[in-house]
Amino acid sequence: MSASATLLQVDDLRVAIGESQILGGVSFRVREGGITGLLGRNGVGKTTTLRGILGLVPRTGSVTLAGEELTALPVHEVVRRGVAYVPEDRDVFAGLTVEENLRLAERAGSELRYPLVYELFPELRERAAQRAGTLSGGQQQMVALARALLNASNRILLIDEPTKGLSPLVVKRVVEALQRAAQVTTILLVEQNLAVARHLVADVVVLDQGRVVFAGDVAELIDDPALARRHLGLSATATGH
Amino acid sequence: MSTLVLLLVTGLGLGALYFLVAAGLSLIWGLMRVLNFAHGAFFTVAGYAGYFAAAALPGLPPWPSWFLAALAGTLAGGLFATLTEIGLIRPLYRRPVGQVLVTVGLALATLALVEGAFGSDPRVVSLPGWMTATTTILGAAIPNTRFVVLLLALVVLGGLLFFLQRTRYGLIVRAGVENRDMVSALGIDVQRAFTLVFTIGGLAAGLAGVLGATYYGTIDPSRGTAMLISAFIVVVIGGMGSIGGSALAAVIVALVQQFLNFYAAAGTGDFAVVLLLAVVLLVRPGGLMGRPPA
Numbered sequence: 012m013s014a015s016a017t018l019l020q021v022d023d024l025r026v027a028i029g030e031s032q033i034l035g036g037v038s039f040r041v042r043e044g045g046i047t048g049l050l051g052r053n054g055v056g057k058t059t060t061l062r063g064i065l066g067l068v069p070r071t072g073s074v075t076l077a078g079e080e081l082t083a084l085p086v087h088e089v090v091r092r093g094v095a096y097v098p099e100d101r102d103v104f105a106g107l108t109v110e111e112n113l114r115l116a117e118r119a120g121s122e123l124r125y126p127l128v129y130e131l132f133p134e135l136r137e138r139a140a141q142r143a144g145t146l147s148g149g150q151q152q153m154v155a156l157a158r159a160l161l162n163a164s165n166r167i168l169l170i171d172e173p174t175k176g177l178s179p180l181v182v183k184r185v186v187e188a189l190q191r192a193a194q195v196t197t198i199l200l201v202e203q204n205l206a207v208a209r210h211l212v213a214d215v216v217v218l219d220q221g222r223v224v225f226a227g228d229v230a231e232l233i234d235d236p237a238l239a240r241r242h243l244g245l246s247a248t249a250t251g252h
Numbered sequence: 677m678s679t680l681v682l683l684l685v686t687g688l689g690l691g692a693l694y695f696l697v698a699a700g701l702s703l704i705w706g707l708m709r710v711l712n713f714a715h716g717a718f719f720t721v722a723g724y725a726g727y728f729a730a731a732a733l734p735g736l737p738p739w740p741s742w743f744l745a746a747l748a749g750t751l752a753g754g755l756f757a758t759l760t761e762i763g764l765i766r767p768l769y770r771r772p773v774g775q776v777l778v779t780v781g782l783a784l785a786t787l788a789l790v791e792g793a794f795g796s797d798p799r800v801v802s803l804p805g806w807m808t809a810t811t812t813i814l815g816a817a818i819p820n821t822r823f824v825v826l827l828l829a830l831v832v833l834g835g836l837l838f839f840l841q842r843t844r845y846g847l848i849v850r851a852g853v854e855n856r857d858m859v860s861a862l863g864i865d866v867q868r869a870f871t872l873v874f875t876i877g878g879l880a881a882g883l884a885g886v887l888g889a890t891y892y893g894t895i896d897p898s899r900g901t902a903m904l905i906s907a908f909i910v911v912v913i914g915g916m917g918s919i920g921g922s923a924l925a926a927v928i929v930a931l932v933q934q935f936l937n938f939y940a941a942a943g944t945g946d947f948a949v950v951l952l953l954a955v956v957l958l959v960r961p962g963g964l965m966g967r968p969p970a
């Protein structure tokens with residue numbers, strides 16, 4: 012990885028749910044600016060890592076944001092420090108309108124980026140009064156991304172598989188939105204679509220069995236078929252290379 | 677015809693009481709996933725607080741005395757609920773069995789304490805003269821207390837709907853009913869919303885306690901428990917977390933009870949309500965206006 016300033020530092024993050032040890036001591040750093048990819052096969056702990064950073068699951072270890080320790084804070088305080096989250100299932104509030112979903116994400120004291128949100132997703136303005144539960148999957152993803160992008164005080168966005176289950180056309184929109192978002196904030200991206208990951212990310216962290224097995228440049232990983240096969244279980248052609 | 681009108685208005689009055697208790701229960705379950713078996717205790721404590729507040733204000737004219745007693749009872753219900761949430765429920769979040777045990781324990785302890793302190797016999801409450809009179813509608817002599825209970829329940833319904841639809845905390849509560857983890861993940865202190873909802877539920881149950889005393893003309897320690905059972909049925913039929921559903925179900929349950937208990941054998945109405953509950957659970961598990969369970 013490059014020597015740019017570290018924004019998020021994760022050290023020895025461990026999560027156990029019941030008898031299962033999901034994360035067995037994950038450590039990595041995310042540098043400020045741009046998109047860092049968190050990759051790995053299904054079930055290796057990528058989503059749990061994001062939830063562990065936020066405090067949505069009981070965890071031990073250390074998570075610091077710009078040097079400030081976050082692990083002792085409740086979830087809402089972690090978010091108020093500038094960590095936004097876009098979950099895998101989008102988790103829009105189905106019974107609320109699009110406008111209410113966005114209003115809920117507004118944070119006092121934070122500059123609101125409505126112009127950027129509506130520039131990226133103009134249909135959210137058009138569908139402001141529509142219940143989020145009646146939107147298509149792609150539109151729900153736009154609401155979820157818009158909620159995370161809305162507050163300018165958010166310093167890092169944790170985004171979990173934003174292209175999952177979307178049509179190629181919508182994937183393209185989401186990719187463009189992430190590229191634009193990366194110009195104004197830092198993103199830690201979990202992405203199974205390696206073609207998308209390769210296109211978007213500079214640094215990657217690869218998890219396997221709840222541990223980091225690779226951290227470095229994306230090209231170094233994906234352009235090396237042996238490395239890609241070993242860590243991701245895929246051939247180079249499957250990566251879109 | 678007059679009997680029909682009397683049963684209808686009396687049933688609506690009873691439904692208003694059910695709604696006031698059920699509204700808080702429904703919001704508390706919807707947002708916090710807490711089955712609050714102590715909710716009937718808020719009703720009981722409020723009824724007694726109102727009774728003793730009125731007794732402590734002997735020189736006042738009847739109407740101001742009733743209003744102040746109603747206010748004291750309502751506030752007592754809200755305060756009791758707030759203390760319950762902070763002292764007993766908060767340490768047990770994400771431990772549902774512990775919450776059930778502690779609220780059942782609190783309900784039983786409150787009942788025993790009230791019985792021990794004031795006896796189990798009903799006590800007659802003093803009401804303004806107009807409330808002890810009747811108004812004739814289509815030949816039916818309707819006790820005026822029914823109108824008071826109905827009117828105040830409608831005010832509470834309107835207030836709750838305004839709170840839920842028009843305020844930021846209402847928005848947080850509606851979102852939290854769907855997914856409270858995601859509410860936290862948006863940087864919102866959902867704990868504060870929990871305390872607020874518990875307090876609102878306690879205030880509504882407290883008002884129901886005072887209005888129950890007004891409706892029946894008496895207070896007794898066990899009415900809160902009976903009211904709680906009916907309110908649970910109302911919440912499930914209406915849909916957990918839905919205020920509109922609670923209002924609709926409260927009216928349905930009360931009218932079914934009133935009409936069947938009168939026209940069929942006594943107790944038939946209560947049996948029919950349980951049957952209705954079973955049918956709703958089978959046909960529409962999320963309740964009339966709730967979301968289907970995941």
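These protein sequence lines map, in sequence, to chains A and B. To convert, count from 1 in the first sequence and add 11; that's the numbering used here. To convert, count from 1 in the second sequence and add 676; that's the numbering used here. By construction, the Cβ of each residue, glycine as well, lies at the ideal position given by its N, Cα and C atoms.
Euclidean distance between Cα positions of residue i and residue j
i, j, result
"residue 248(A)", "residue 40(A)", "Per-residue confidence for residue 248(A) stands at a pLDDT of 46, beneath the threshold of 50, marking its modelled position as unreliable; the derived number appears in the next sentence. Looking at the two C-alpha atoms, the distance is approximately 29 Å."
"residue 760(B)", "residue 855(B)", "24 Å"
"residue 961(B)", "residue 913(B)", "9 Å"
"residue 137(A)", "residue 679(B)", "54 Å"
"residue 895(B)", "residue 881(B)", "14 Å"
"residue 940(B)", "residue 929(B)", "16 Å"
"residue 98(A)", "residue 731(B)", "57 Å"
"residue 105(A)", "residue 802(B)", "49 Å"
"residue 194(A)", "residue 45(A)", "7 Å"
"residue 779(B)", "residue 96(A)", "35 Å"
"residue 117(A)", "residue 861(B)", "12 Å"
"residue 722(B)", "residue 790(B)", "11 Å"
"residue 771(B)", "residue 708(B)", "11 Å"
"residue 111(A)", "residue 152(A)", "15 Å"
Residue i - partner residues in DSSP beta bridges
i, result
"residue 39(A)", "21(A)"
"residue 816(B)", "813(B)"
"residue 197(A)", "45(A) and 167(A)"
"residue 214(A)", "47(A) and 228(A)"
"residue 771(B)", "Residue 771(B) is not bridged to any residue."
"residue 855(B)", "DSSP, once it has assigned bridges, lists no residue as partnering residue 855(B)."
Backbone secondary structure at residue i - three-state DSSP
i, result
"residue 54(A)", "coil"
"residue 73(A)", "strand"
"residue 713(B)", "coil"
"residue 962(B)", "coil"
"residue 224(A)", "strand"
"residue 941(B)", "coil"
"residue 131(A)", "helix"
"residue 141(A)", "coil"
"residue 102(A)", "coil"
"residue 204(A)", "coil"
"residue 864(B)", "coil"
"residue 30(A)", "coil"
"residue 97(A)", "strand"
"residue 8(A)", "Given that chain A is displayed from residue 12 to residue 252, the structure contains no residue 8(A) and the question cannot be resolved."
"residue 797(B)", "coil"
"residue 219(A)", "strand"
"residue 174(A)", "coil"
"residue 760(B)", "helix"
"residue 244(A)", "coil"
Beta-carbon contacts of residue i that lie in its chain and below 6 Å, excluding the five residues immediately before and after
i, result
"residue 958(B)", "none"
"residue 166(A)", "93"
"residue 786(B)", "717"
Residues near residue i in its chain [Cβ-Cβ closer than 8 Å; skip 5 each side]
i, result
"residue 903(B)", "693, 694, 697, 716, 719, 884 and 888"
"residue 128(A)", "113, 135, 157, 160 and 161"
"residue 891(B)", "689, 690, 693, 821, 822 and 825"
"residue 12(A)", "Because residue 12(A) sits at a pLDDT of 48, beneath the cut-off of 50, its placement in the model cannot be relied upon, and the point is left open."
"residue 811(B)", "817, 818, 820 and 823"
"residue 16(A)", "42 and 43"
Cβ separation of residue i and residue j, assumed to be a contact under 8 Å, to the nearest whole Å
i, j, result
"residue 5(A)", "residue 229(A)", "Nothing about residue 5(A) can be reported from this structure: the residues present for chain A run from 12 to 252 only."
"residue 919(B)", "residue 836(B)", "5 Å"
"residue 938(B)", "residue 683(B)", "6 Å"
"residue 729(B)", "residue 714(B)", "That pair is no contact at about 22 Å."
"residue 917(B)", "residue 964(B)", "Residue 917(B) to residue 964(B), Cβ: 12 Å. No contact."
"residue 687(B)", "residue 931(B)", "4 Å"
"residue 148(A)", "residue 177(A)", "6 Å"
Own chain, CB closer than 7 Å to residue i, minus 5 neighbours either side, in chain order
i, result
"residue 710(B)", "704, 765 and 775"
"residue 33(A)", "26, 27, 56, 59 and 221"
"residue 806(B)", "820"
"residue 758(B)", "871, 874, 875 and 878"
"residue 724(B)", "790, 794 and 895"
"residue 190(A)", "211"
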